[in-house]
Amino acid sequence: NAGVTQTPKFRVLKTGQSMTLLCAQDMNHEYMYWYRQDPGMGLRLIHYSVGEGTTAKGEVPDGYNVSRLKKQNFLLGLESAAPSQTSVYFCASIPRDRENTGELFFGEGSRLTVL
Amino acid sequence: TQLLEQSPQFLSIQEGENLTVYCNSSSVFSSLQWYRQEPGEGPVLLVTVVTGGEVKKLKRLTFQFGDARKDSSLHITAAQPGDTGLYLCAGGMNRDDKIIFGKGTRLHILP
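See the structure below:
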């Protein structure tokens, strides 16, 4: 099983450029999350989705958009990248019956640098 | 506003000592998780606590969930260099399905 796969793993952008991060999971999980992690910080929730066709804002949604057109994919878009969006981005998924373990399944992370 | 406050943010102690890390909130959580993260990797789950007052042990690690389900603690007995890492608490809220994280405690065990 691949689990949660993020692409790309590394990317350098210039200010104002746009890009999309792709998260794909093969575990048939309903819930998917996008987080960012800055040096010395924990993970901050950007957007999340509780099912195909639905998305919701997290703690730091500004400057990002998301889409969940297929259950297995959760896309994170930056329309006009800013240096403040330089970070490591993590995608995670969890099944609906998360009360069993509460475990989030994480991708390996995508390191984005905006110059 | 950080809903989950972790303390301390940094901790450097000698091998063999005991330590406690705290995760506090003014909100009630349906469950709390503790993760450990190594550099360049995603967080890995250590434990989930669900019931108020619950205590779980994982070898030298003891996790406790507060009676009101607003706070949790992680106690490590006889710390070892292999315990070095970033420890994160995370909480799930039933009302909106968010799962949020604290800022983390960076632990360094000196040999």
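One line per chain: the protein sequences are A and B, in this order.
Be aware that the first sequence starts at 47, since it is given in our numbering, and climbs by one per residue.
Be aware that the second sequence starts at 675, since it is given in our numbering, and climbs by one per residue.
No residue lacks a Cβ here, since even glycine has one placed at the ideal position from N, Cα and C.
Under 8 Å between the Cβ atoms of isoleucine 92 (chain A) and tyrosine 81 (chain A)? yes
Taking arginine 90 (chain A) as the reference, which of B:Leu784, B:Val702 and B:Gly778 has the closest Cα? B:Gly778
Members of the region 94-107 of chain A near chain B, C-beta cut-off 8 Å: Tyr94, Val96, Ala102, Gly104 and Glu105
So, for asparagine 119 (chain A): in the same chain, excluding its five sequence neighbours on each side, which residues have a beta-carbon less than 6 Å away from its beta-carbon? Ala70
Check whether the region 737-755 of chain B and the region 680-696 of chain B are in contact - that is, three or more C-beta pairs closer than 8 Å. yes
Tell me whether leucine 678 (chain B) is buried or exposed, calling it buried when 16 or more other Cβ atoms sit within 10 Å of its Cβ. buried
Quick one, are the C-beta atoms of aspartate 84 (chain A) and serine 133 (chain A) less than 8 Å apart? yes
Is it right to say glycine 756 (chain B) is buried, meaning 16 or more other beta carbons lie within 10 angstroms of its own, or is it exposed? exposed
Using Cβ-Cβ distances below 8 Å, what residues of the region 765-784 of chain B are close to chain A? Gly766, Asp770, Asp771, Lys772, Ile773, Ile774, Phe775, Gly776, Lys777, Gly778 and Arg780
Exposed or buried, what is proline 717 (chain B) when buried is set at 16 or more other beta-carbons lying within 10 Å of its beta-carbon? buried
Can you check whether the C-beta of serine 705 (chain B) is within less than 8 Å of a C-beta belonging to chain A? yes
Please classify phenylalanine 739 (chain B) as buried or exposed, where buried requires at least 16 other C-beta atoms within 10 Å of its C-beta. buried
Inter-residue spacing [alpha-carbon to alpha-carbon] between glycine 123 (chain A) and leucine 68 (chain A): 9 Å
Please report the residue range of the beta strand (DSSP E) in which valine 58 (chain A) lies. 56-59
Using a cut-off of 7 Å between C-beta atoms, extract the partners of glycine 716 (chain B) located in chain A. Phe136, Phe152, Gly153, Glu154 and Gly155
What is the DSSP secondary structure of leucine 784 (chain B), counted as helix, strand or coil? strand
Take asparagine 74 (chain A) and list the residues in its own chain whose beta-carbon comes closer than 8 Å to its own, dropping the five residues that flank it on each side. Lys117, Gln118 and Pro141
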